[in-house]
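Residue numbers (the working numbering), protein chains in the order written: chain W, 1192 to 1523; chain X, 27 to 397. C-beta: ideal position from N, C-alpha, C; glycine also. To start, the structure itself, in structure tokens.
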């Protein structure tokens, strides 16, 4: 890497290291939308973009939680299973136990946040790698789904179906689902928490260098537990949104969603080593993933597995970008 | 962060007596758990240990466990070497799917699917592509310094898509008796898959334990910087390890697809990477690298396979195996965690003073950290 080209590149990257992936992602997004609009009839409309949000609102919420965890240098592999467990739990409570939705929702959120906090505590107290603890959480949540039922539970509860069919109308004949509104509120909250609170600063400090954070007297343990609780809460909320979207609970919902969430965060410019990234970038990442699906469905001749291949390819490119431009962190 | 790399296997002070030495042997606990599981099965099914000969083949639950466990053993052995270098290979499940898809696609489109040359060519294609996958993972980790979990995540995501691309989203069925041999055939009365797995495990353990390779791998995993300073070429070693892991996964993929005579890009090898990591961890190889035990891994894989068999025998929905696996992961990790042991020994000491705490220095460090 000692070529003559590398020098100016590194000087540039030193100044814009954190924002560069974000710029690349934004450019990519514009490019994808332009190509789609030129290529396919009916692609160039605001509703197409809004549909991306409608179809991926739950992923956005989950990816926001994941961003918190990745910022601390950890990883949460349990989110996909947690989403499935939330759909299952909601369907089970509402359909098979006849509980009102107003009771089921807090229960599900509490289970998510509690499960996350428990994993965070194990990670912190016993110094076990986050990867392996959340892997166990992933098995556990998925297994609990099957313990509730191995079959899909469809939801016919009138309140739930009414919410699911609600349209939030926007000017110009456009519309979004309530899930999109909730996801955007979560995004705004996450932005404020990460950039304007002491907790947010501790999250970044923890990802930058844990021992330094500890020496500075920051509450390392409490923050770690909190971060995994946030991720658990977000996946439970994401699961609720998915329940409204699918109107069913099923143990095979959201298989592999942890990968989509990680990919969204990485494509959005969050460093997987922690300490650097933006939650707004994650939103861009989710939009990129959604737009890939949209383009593939507009193309018509491409099959769904191309989504996975393209996401993998993008992940590859962005990881390379992180290595090449994240020069300051290469010392590790 | 890693616990201090001590003098290696058996390097403990000679304060132990016979029984104690037995329980402290690194394979004792995995072997005990496996034995307990098998005995538990005997209580459930009375002819569990019965092995009978039928048409010159051995049949029985124990043989089934070995045969269905063979792919997991192979994947886990590759994973052990990767984890010993402080890495992880998440792409093995996708590699399993890709290898099976490639081989079946090649056989299904060949003129004479039954001939040995066709099958050999199919195997060569699958193993060659797997080696390329391993090479890519290895280069990302060793040359570009990408975290292993991230580097292999790429192919974990994309690989399954590639496998479906190869099979065109269908389940490809093949009818080739030569191919069927790999996963479903018998040789010398034993399932061929078991013999193949045993041979590959034997080769791996001879190569790593009778040459310096094993020590070099442990050295790189234990302390990458120090190994570079003493002149170990870590990057070549890392690339090799990832290639071995991918090739092992490919052989497992051939076994799985051969056993059911079809390739399913979507479901073949699904979550096998997690089972393999679990097997490695149960076998006593620490995820922090620096030390590995192939024997432990084989025991770990057999424990997982026996656990699955037990669940089936109990008549519980097989999907709930995941809950048991999760509990096993949690317990094993807690037992391995120095912090957990330190807490336990601290608690024990307040009750009755223990003259020689094994993790004394770690306890001190922990207390320092917590104060």
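Contacting residues, own chain, Cβ-Cβ under 7 Å from residue i (five flanking each side not counted)
i                       : result
residue 223 of chain X  : 96, 99, 100
residue 57 of chain X   : 325
residue 1255 of chain W : 1377, 1378, 1381, 1425, 1470, 1473
residue 171 of chain X  : none
residue 253 of chain X  : 245, 246, 260
residue 1497 of chain W : 1487
residue 296 of chain X  : 119
residue 203 of chain X  : 140
residue 206 of chain X  : 284, 287
residue 1493 of chain W : 1487
residue 395 of chain X  : Model confidence at residue 395 of chain X stands at a pLDDT of 41, short of 50, so the residue's coordinates are unreliable and nothing is read from them.
residue 323 of chain X  : 102, 103, 106, 305, 306, 309, 311
residue 51 of chain X   : none
Identified DSSP bridge partners for residue i
i                       : result
residue 1366 of chain W : W:1360
residue 84 of chain X   : X:79
residue 321 of chain X  : BP columns for residue 321 of chain X are empty, so no partner.
residue 1440 of chain W : W:1344
Same chain, Cβ closer than 8 Å to residue i, five either side skipped, listed in chain order
i                       : result
residue 1435 of chain W : 1351, 1354, 1355, 1368, 1369, 1370
residue 90 of chain X   : 335
residue 346 of chain X  : 337
residue 165 of chain X  : 265
residue 122 of chain X  : 97, 101, 275, 276, 278, 279, 282, 294, 295, 298
residue 71 of chain X   : 87, 339
6 Å CB neighbourhood of residue i in its chain, flanking five on each side removed
i                       : result
residue 76 of chain X   : 86
residue 183 of chain X  : none
residue 132 of chain X  : 148, 151
residue 1486 of chain W : 1227
residue 230 of chain X  : 103
residue 1523 of chain W : Any answer about residue 1523 of chain W is weak, because its pLDDT of 37 lies below 50 and its placement is not dependable; what the coordinates show is given next. Excluding residues within five positions, none has a Cβ falling inside 6 Å.
residue 1244 of chain W : 1371
residue 1266 of chain W : 1321, 1322
residue 178 of chain X  : 115, 116, 117, 163
Heavy atom of the ligand MN within 7 Å of residue i beta-carbon
i                       : result
residue 1381 of chain W : Of the ligands one can find in the structure shown there are none, so the ligand MN has no counterpart to examine.
Nearest-angstrom beta carbon gap, residue j and residue i [assumed within contact, 8 Å]
i                       : j                       : result
residue 329 of chain X  : residue 63 of chain X   : 6 Å
residue 209 of chain X  : residue 225 of chain X  : At roughly 15 Å, the Cβ-Cβ gap does not stay under 8 Å, so residue 209 of chain X and residue 225 of chain X are not in contact.
residue 270 of chain X  : residue 107 of chain X  : 6 Å
residue 1360 of chain W : residue 1237 of chain W : With 8 Å as the limit, residue 1360 of chain W and residue 1237 of chain W do not qualify as a contact, their Cβ atoms being about 13 Å apart.
residue 1463 of chain W : residue 176 of chain X  : 5 Å
residue 193 of chain X  : residue 289 of chain X  : 6 Å
residue 1457 of chain W : residue 1506 of chain W : 6 Å
residue 1279 of chain W : residue 1440 of chain W : 4 Å
residue 1252 of chain W : residue 1460 of chain W : Contact flag wrong, Cβ pair sits at about 19 Å.
residue 300 of chain X  : residue 84 of chain X   : With a Cβ gap of about 30 Å, residue 300 of chain X and residue 84 of chain X do not count as contacting.
Contact list for residue i against chain A, beta-carbon separation under 9 Å
i                      : result
residue 195 of chain X : Here the protein chains are W and X, and chain A is not one of them.
**Asked** Taking any Cβ of chain X, which residues in the segment 1318–1330 of chain W have a Cβ under 9 Å from it, in chain order?
**Response** 1318, 1319, 1320, 1322, 1323, 1324, 1326, 1327, 1328, 1329, 1330
Review point. Mind listing which residues of the segment 1484–1507 of chain W have their C-beta closer than 9 Å to chain X's C-betas, in chain order?
Key: 1494, 1495, 1496, 1497, 1498, 1499, 1500, 1501, 1502, 1503, 1504, 1506, 1507
Secondary structure, alpha helix (DSSP H): runs of 4+ residues fully inside the segment 175–261 of chain X: Runs found: 203–210, 218–235, 239–248, 250–255.
Residue ranges of each beta strand (DSSP E) within the segment 1448–1495 of chain W, 3 or longer: none
Considering only residues of the segment 273–309 of chain X, which uninterrupted beta strand (DSSP E) runs meet the minimum length of 3 residues and lie entirely inside it, listed in chain order? 288–290
- Item | Interfacial residues, the segment 274–302 of chain X to chain W, with Cβ spacing under 8 Å | For the segment 274–302 of chain X, which is checked against every Cβ of chain W, the residues closer than 8 Å are 291, 300.
Exercise for the section: Anything in the segment 71–85 of chain X with a Cβ closer than 8 Å to a Cβ of chain W? List those residues in chain order, please. Expected result: Cβ contacts with chain W come from no residue of the segment 71–85 of chain X.
- prompt: Taking Cβ-Cβ distances below 7 Å as the criterion, which residues of the segment 319–345 of chain X are in contact with chain W?
  reply: 343, 345
**Contacting positions in the segment 151–173 of chain X - beta carbon closer than 7 Å to chain W** = Correct list: 170, 171, 172, 173.
Problem set entry | Every unbroken alpha helix (DSSP H) inside the segment 1261–1315 of chain W [4 residues or more] | 1270–1282
### Selection of the segment 1452–1472 of chain W by Cβ proximity to chain X, strictly under 9 Å
Of all residues in the segment 1452–1472 of chain W, 1453, 1454, 1457, 1463, 1464 have a Cβ within less than 9 Å of some Cβ in chain X.
Residues of the segment 1419–1439 of chain W with a CB closer than 9 Å to any CB of chain X: list them in chain order, please.
none
**Asked** Taking a cut of 9 Å between CB atoms, which residues from the segment 171–191 of chain X lie near chain W?
**Response** Cβ contacts with chain W: 171, 172, 173, 175, 176, 177, 179, 180, 181, 182, 183, 184, 185, 186, 187, 188, 189, 190, 191.
Contact list for the segment 207–230 of chain X against chain W, Cβ threshold 8 Å: none
At a Cβ cut of 9 Å, what residues of the segment 348–365 of chain X count as close to chain W, listed as they run along the chain? Cβ contacts with chain W: 348, 349, 350, 351, 352, 353, 354, 355, 356, 359, 360, 362, 363, 364, 365.
Note to self: Along the segment 1262–1290 of chain W, where does the CB come closer than 8 Å to a CB of chain X? Name the residues.
What the structure shows: 1266
By the 9 Å beta-carbon criterion, what residues does the segment 1337–1350 of chain W contribute toward chain X? 1337, 1338, 1341
Ranges of the beta strand (DSSP E) found wholly within the segment 1228–1261 of chain W, counting only runs of at least 3:
None, since the segment 1228–1261 of chain W contains no complete beta strand (DSSP E) of that length.
Residues of the segment 1384–1418 of chain W with Cβ closer than 8 Å to any Cβ of chain X, in chain order | Cβ contacts with chain X: 1405.
Quiz prompt | Residues of the segment 302–318 of chain X with Cβ closer than 9 Å to any Cβ of chain W, in chain order | solution = Per Cβ criterion, the list reads 303, 304, 307, 313, 314.
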